[in-house]
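Some notes on the structure that comes next.
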Amino acid sequence: MDYGLIVKNYLPALISVITVGFLIWNNLTELNHNVSRYAENVAVWDAMDYTLRRSAFFINVGNTTPIYNVFVIRGRRAVILNRDSINSNLQRDDVGFSRLITPGHYKYVSDSIIFKGMEMGKSGLPEEYAIIFTDSSGHRWFRASDGKLTEIKYDYYSKLTTMSNLSAPLGDMTIVRTI
-11 MDYGLIVKNY LPALISVITV GFLIWNNLTE LNHNVSRYAE NVAVWDAMDY TLRRSAFFIN
49 VGNTTPIYNV FVIRGRRAVI LNRDSINSNL QRDDVGFSRL ITPGHYKYVS DSIIFKGMEM
109 GKSGLPEEYA IIFTDSSGHR WFRASDGKLT EIKYDYYSKL TTMSNLSAPL GDMTIVRTI
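Residue numbers (this note's numbering): -11 to 167.
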């Protein structure tokens, strides 16, 4: 068996297969990064403005296009809201909704998110907020109150609007810009 002939005939093909595989892997990685790049510029956090006697929060959309079907979820202080928080225990007085949030950094309120004042033993701690939204490319995202961003593969809008404890008209949960 002539190993020199085998190497001469098959080595270039093997190198080509490895190169093509690397290029495909690199393009898929870059595509996933580009998909999340838009969502990385969206966040929500507590405004800590207790003079309003309303739950106020900031939403930042640091892009040139808006976000859609936005749900802001408020949780208890010092308890991280994650994707598991979207369950049957979610209360109507902790959820605000907007069909569209425009680019920019603004303070918002939602009358459906009930102001609870300061919790005993947790004075000074901000309320925890999470945000669920669809970007302008149609990708659905969840940003937890600890900042972790994950893509959602299911129809969160249908899930949230059919939950029995959230089934009142979405117009009652409207998020309104204050500044």
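We treat Cβ as the ideally placed atom computed from N, Cα and C, and that holds for glycine.
From the DSSP output, which residues share a beta bridge with residue i?
i: His93; result: Asn48
i: Phe130; result: Ile120, Thr138
i: Thr162; result: Phe85
i: Gly63; result: Glu116
i: Ser98; result: Ile163
i: Ala214; result: Look at the range of the chain in this structure, -11 to 167, and you will see that residue 214 is not part of it.
i: Tyr56; result: Leu88, Thr122
Taking its Cβ as the centre, do 16 or more other Cβ atoms sit within 10 Å of residue i, making it buried, or is it exposed?
i: Glu172; result: For the chain, the structure presents residues -11 to 167; residue 172 sits outside this window and is missing.
i: Asp72; result: exposed
i: Ala66; result: exposed
i: Ser146; result: exposed
i: Ala1; result: exposed
i: Tyr144; result: buried
i: Ser100; result: buried
To which residues of the same chain is residue i closer than 8 Å at the C-beta, ignoring the five residues directly before and after it?
i: Glu28; result: Leu137
Could you check whether the Cβ of residue i sits closer than 7 Å to any heavy atom belonging to the ligand SAH?
i: Ser146; result: What this structure holds is no ligand at all, so the ligand SAH is not there to describe.
CB-CB under 6 Å to residue i, same chain, minus the five flanking residues each way: which ones, in chain order?
i: Met36; result: Pro114
i: Ser4; result: none
i: Thr53; result: Ser124
Within this structure, are the beta carbons of residue i and residue j separated by less than 8 Å?
i: Ala31; j: Asn51; result: no
i: Tyr26; j: Thr122; result: no
i: Tyr62; j: Ser43; result: The sequence shown places Arg at residue 62, rather than the Tyr named in the question. Yes. Within cutoff.
i: Leu154; j: Leu78; result: yes
i: Phe59; j: Val83; result: yes
Specify whether the segment 127 to 143 and the segment 84 to 101 touch according to this definition: at least 3 beta carbon pairs, one from each stretch, less than 8 Å apart. no
Check whether the segment 122 to 134 and the segment 79 to 92 are in contact - that is, three or more C-beta pairs closer than 8 Å. Because the criterion of three Cβ pairs below 8 Å is not met, the segment 122 to 134 and the segment 79 to 92 do not touch.
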